[in-house]
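First up is the structure itself, then whatever we jot down about it.
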Ligand code: 2DT
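Residue numbers (my numbering): 33 to 246.
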């Protein structure tokens, strides 16, 4: 039996990641587990949640960055064991969100490499799908603006940093990164597109047994 595949869905706020990761997980069930970052249920996750939801709760940007990374390390072993048991793991955000949101803050010294460093050694996904929305409708959706980072100007900076991080840390032409343009597409259309991209990754399970790491 081959190991499970690690499939990451990334994107800006409200591009449909959460909907799409749950559709994909349901489609693969029982052979898939969904993990969402930040995981707000752990001790570290609760601090992160407070930081995101309470604008009066301040922490140095560096500390926040390290908390998000620590939150990933809390479940790193669980992810590896699940994959070794043959179950696929679907991630809703991961290392690239960590890099892009922190680098977008333009803090001296917090460059892409600094942002990656605490995540070095985490498992690298077999496939990363980046959902992009080229329309501005996002900002008008209900709830936008409730949490820290949810404003149009900051999201533009984050998008730039996502692309910078992909250029820096994805191996060119390795087919491990795919962009999915969700602009004006229905949930069903996007989920079909995702399904087409995921299937080849699942069908070569007997190959590529080696893990890759950030
Ligand atoms: P959700 O809205 O998806 O719950 O995300 N974030 C996320 C970071 O700044 N660094 C990270 O490492 C991760 C995983 C993105 C909550 C917000 O947290 C941001 C939006």
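Where is the CB? At the ideal position from N, CA and C, for every residue including glycine.
Flag residue i as yes when its Cβ comes closer than 7 Å to any non-hydrogen atom of ligand 1, and as no otherwise.
{"i": "residue 84", "result": "yes"}
{"i": "residue 95", "result": "no"}
{"i": "residue 130", "result": "yes"}
{"i": "residue 195", "result": "no"}
{"i": "residue 89", "result": "no"}
{"i": "residue 157", "result": "no"}
{"i": "residue 45", "result": "yes"}
{"i": "residue 54", "result": "no"}
{"i": "residue 73", "result": "no"}
{"i": "residue 198", "result": "no"}
{"i": "residue 59", "result": "no"}
{"i": "residue 92", "result": "no"}
{"i": "residue 70", "result": "yes"}
{"i": "residue 100", "result": "yes"}
{"i": "residue 134", "result": "yes"}
{"i": "residue 125", "result": "yes"}
Excluding the five sequence neighbours on either side, which residues of its own chain have a C-beta within less than 7 Å of the C-beta of residue i, listed in chain order?
{"i": "residue 226", "result": "52, 56, 161 and 212"}
{"i": "residue 63", "result": "119 and 120"}
{"i": "residue 2", "result": "No answer is possible for residue 2: the residues shown for the chain start at 33 and end at 246."}
Please go through the same chain and pick out, in chain order, the residues whose beta-carbon is closer than 8 Å to the beta-carbon of residue i, but skip the five residues on each side of it.
{"i": "residue 208", "result": "156, 157, 158, 159, 160 and 202"}
{"i": "residue 181", "result": "45, 84, 133, 187 and 190"}
{"i": "residue 108", "result": "154 and 155"}
{"i": "residue 93", "result": "134, 137, 139 and 142"}
In angstroms, rounded to a whole number, what distance separates the CA positions of residue i and residue j?
{"i": "residue 199", "j": "residue 61", "result": "33 Å"}
{"i": "residue 110", "j": "residue 116", "result": "10 Å"}
{"i": "residue 88", "j": "residue 179", "result": "12 Å"}
{"i": "residue 91", "j": "residue 99", "result": "10 Å"}
{"i": "residue 231", "j": "residue 59", "result": "11 Å"}
{"i": "residue 135", "j": "residue 127", "result": "12 Å"}
{"i": "residue 14", "j": "residue 49", "result": "In the structure as shown, the chain starts at 33 and stops at 246, and residue 14 therefore has no counterpart that could be examined."}
{"i": "residue 194", "j": "residue 129", "result": "7 Å"}
{"i": "residue 249", "j": "residue 77", "result": "Outside the displayed span of the chain (33 to 246) sits residue 249, for which this structure offers no information."}
Determine, using beta carbons only, whether residue i and residue j come nearer to each other than 8 Å.
{"i": "residue 163", "j": "residue 47", "result": "yes"}
{"i": "residue 148", "j": "residue 122", "result": "no"}
{"i": "residue 41", "j": "residue 124", "result": "yes"}
{"i": "residue 35", "j": "residue 241", "result": "yes"}
{"i": "residue 67", "j": "residue 103", "result": "no"}
{"i": "residue 114", "j": "residue 82", "result": "no"}
With DSSP as the reference, please indicate the residues paired to residue i in a beta bridge.
{"i": "residue 210", "result": "161"}
{"i": "residue 122", "result": "39 and 66"}
{"i": "residue 245", "result": "155"}
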